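Some notes on the structure that comes next.
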Amino acid sequence: MTPITRYTATAIALHWLTALLILVAFPLGVYMHELKLSPLKLQLVSYHKWIGVTIFLLTLARLAWRVKHVPPPLPDTIPLWQQRAAQGLHYLLYVLLLCIPISGWLMSSAKGVPVVYLGLVQLPDLVGKDKALGDRLQEIHEALDFGLLALVGMHVAAAIKHHFIDKDTTLLRMLPFGKGVQP
Amino acid sequence: MKNIYRYFMPLLLASASISSYAAEFNEVQAGRSTLTFAYRQMNVPMEGRFNKFSAHIAFDPAKANSAQAKLEVDLASIDTGFSESNDEIAGKLWFNTKAFPVAQFVSTGVKTLGNNRYEALGKLTIKGKSLDVAAPFTFRQEGPVAAFDGSFNLKRLDYAIGEGMWADLGTVANEIQVVFHIVAGAAPAKK
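Top to bottom, those sequences are chains A and B. Here our numbering runs 474 ahead of the position in the first sequence, where the first position is 1. Here our numbering runs 4 ahead of the position in the second sequence, where the first position is 1.
As structure tokens, then:
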């Protein structure tokens, strides 16, 4: 059996860190939205924004990685159309991982609460204060979030299917430990 | 018509200021005056304003030291930009506007700092607590109208603004900057 070609350690770290942050940011966003105004709510909203900015930066780093690297090939037992679909899904995920933080940033600007990353670095306001625009951007932000939820669901379901049903090496390429070689 | 004003008003104003308007500014123009505040929330700079307040001032630059000012702020008229926050701030833990609807500043004196700069000293009363404040301001006269621009900082916990869970200064900072822009006309000088 030929050894599996895995993603590089950098790509694997960026992928799982992004996954972890989405796993925190998404329920945090839903929860804080329902909270009555309190210091806790203000803190959680800030943390949510900081995580969003971090995901945005990580996604830029991942795109830079993609420019310089070719991802390890999928097992050739997978039909070509499925390989293309997987690639399309990955690109859509990248698009959302950039657009969702930007929509949140725009929304913060429109609502008149600038983003101060980690409480240290104030990001410039992208638009002026405008309540109606802020509400509209909130709807867009939420719609994109649920779009992301659906795509991540497909992404995870595919990974599980390949690992446990097809028993191929698709998931192994992205696991941080296990057998295989890294380029 | 507008153009006529643009070109002739400065002349009119200039001549007026030389002759008869070295007078007492005491007719506050509420519609042109503003009272705003700035603070930090999770280290995010935030701003708000009070939509209703009344100001009575009597200021003659020639006799600045005997100037007087009294401001009354309708605290329920606060506008933070968020209706949820406005409701919260009117509530018991913040301004408790049912029991203390009005914040009041009454001057006790005015110091001349030079170069059109002054400092208003006085008592600021919020939520039943009166403390001394000093508010530096600039005086800018344009004929029969003058603008008083200034600000001062207060510590919200000194007045118990934001009690209970809100007393945590890590979320909403203690320091609040109050910024005033008061426009007042002068009664024509009696000769």
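Positions of the beta carbon are idealized from the N, C-alpha and C atoms, including for glycine. None of the values given here were measured: they were computed from a predicted structure.
I'd like the list of long-range same chain contacts for residue i, defined as Cβ closer than 7 angstroms, with 5 residues on each side in sequence excluded.
i       : result
E28(B)  : A62, F63, D64, A190, A191
V519(A) : M506
T528(A) : L495
S37(B)  : A59, H185, I186, V187
T484(A) : W539
H661(A) : This structure cannot settle anything about residue 661(A), because the visible part of chain A is limited to 475 through 657.
V182(B) : F41, S155, F156, L158
L39(B)  : R53, F54, F57, V77, F184
I634(A) : none
E92(B)  : W98
Just to confirm before moving on: does the CB-CB distance between residue i and residue j stay below 7 angstroms?
i       : j       : result
G425(A) : G627(A) : As displayed, chain A neither begins before 475 nor continues past 657, which places residue 425(A) out of reach and without an answer.
T643(A) : I478(A) : yes
R536(A) : L597(A) : no
L625(A) : L531(A) : no
A139(B) : A124(B) : yes
L570(A) : L622(A) : yes
G166(B) : W98(B)  : yes
Q33(B)  : L516(A) : no
R480(A) : R647(A) : yes
L128(B) : L135(B) : yes
L618(A) : V601(A) : no
A73(B)  : Y122(B) : no
P513(A) : T175(B) : yes
Since residue i and residue j should fall inside the 8 angstroms C-beta cutoff, what is the C-beta to C-beta distance between them, to a whole number of angstroms?
i       : j       : result
N47(B)  : G593(A) : 4 angstroms
A177(B) : L161(B) : Contact doesn't hold; Cβ gap of about 10 angstroms is too wide.
H615(A) : I574(A) : 7 angstroms
A560(A) : A631(A) : The Cβ separation is near 12 angstroms, so there is no contact.
E88(B)  : L491(A) : With 8 angstroms as the limit, E88(B) and L491(A) do not qualify as a contact, their Cβ atoms being about 34 angstroms apart.
Q524(A) : Y565(A) : What sits at residue 524(A) in the sequence shown is Trp, not Gln. Contact doesn't hold; Cβ gap of about 26 angstroms is too wide.
Just to confirm my understanding: we take residue i, look at its own chain, exclude 5 residues before and 5 after, and list those with CB closer than 8 angstroms. What are they?
i       : result
I22(B)  : At I22(B), the pLDDT of 48 sits below 50, so the modelled position is not reliable and the matter cannot be decided from this model.
N90(B)  : I82, D83, T84
T551(A) : D640, D642
H637(A) : T644, L645, L646
V137(B) : F109, L125, G126, K127, L128, F156, L158
E31(B)  : A188, G189, A190, A191
Q557(A) : L548
F104(B) : L79, I130, K131, G132
Spatial neighbours of residue i within its chain, please: C-beta separation below 6 angstroms, excluding the five flanking residues on both sides.
i       : result
K641(A) : none
Y163(B) : I130, K131, K133
L509(A) : K515
P650(A) : I486
A151(B) : R144, V187
I180(B) : F41, Y43, L158, R160
T101(B) : L79, A80, A94
T115(B) : Checking the sequence shown, residue 115(B) turns out to be Lys, not Thr. Correct list, in chain order: E123.
I576(A) : none
K149(B) : In the sequence under discussion, the amino acid at residue 149(B) is Val, which differs from the Lys named in the question. Counting only Cβ-Cβ distances below 6 angstroms, and skipping sequence neighbours, we find G189.
Taking 6 angstroms as the cut-off, is the C-beta of residue i nearer than that to any heavy atom in the ligand MG?
i       : result
V519(A) : Questions concerning the ligand MG fall outside what the structure shown contains, since it holds no ligand whatsoever.
For the segment 572–587 of chain A against the segment 600–620 of chain A, do three or more pairs of beta-carbon atoms, one drawn from each stretch, fall closer than 8 angstroms, so that the two count as touching?
yes
Should the segment 543–553 of chain A be called in touch with the segment 494–513 of chain A, which here means at least 3 C-beta pairs below 8 angstroms?
no
Can we say the segment 99–111 of chain B touches the segment 143–150 of chain B, given the rule of at least three CB pairs closer than 8 angstroms?
no
Check whether the segment 81–93 of chain B touches the segment 38–58 of chain B, taking contact to mean three or more Cβ pairs, one atom from each stretch, closer than 8 angstroms.
yes
List in chain order: all unbroken alpha helix (DSSP H) runs of 4+ residues lying wholly within the segment 592–654 of chain A.
605–634
Whole runs of the alpha helix (DSSP H) within the segment 42–99 of chain B, excluding any shorter than 4 residues:
87–94
Unbroken alpha helix (DSSP H) runs of length 4 or more, entirely within the segment 478–519 of chain A: which are they?
Listed in chain order, they are 483–508.
Counting only runs that start and end within the segment 544–568 of chain A, where is the alpha helix (DSSP H) found for 4 or more residues in a row?
DSSP runs (the alpha helix (DSSP H)) wholly in the segment 544–568 of chain A: none.
Quick one: complete beta strand (DSSP E) runs, 3+ long, within the segment 94–167 of chain B?
106–118, 121–130, 133–146, 149–159
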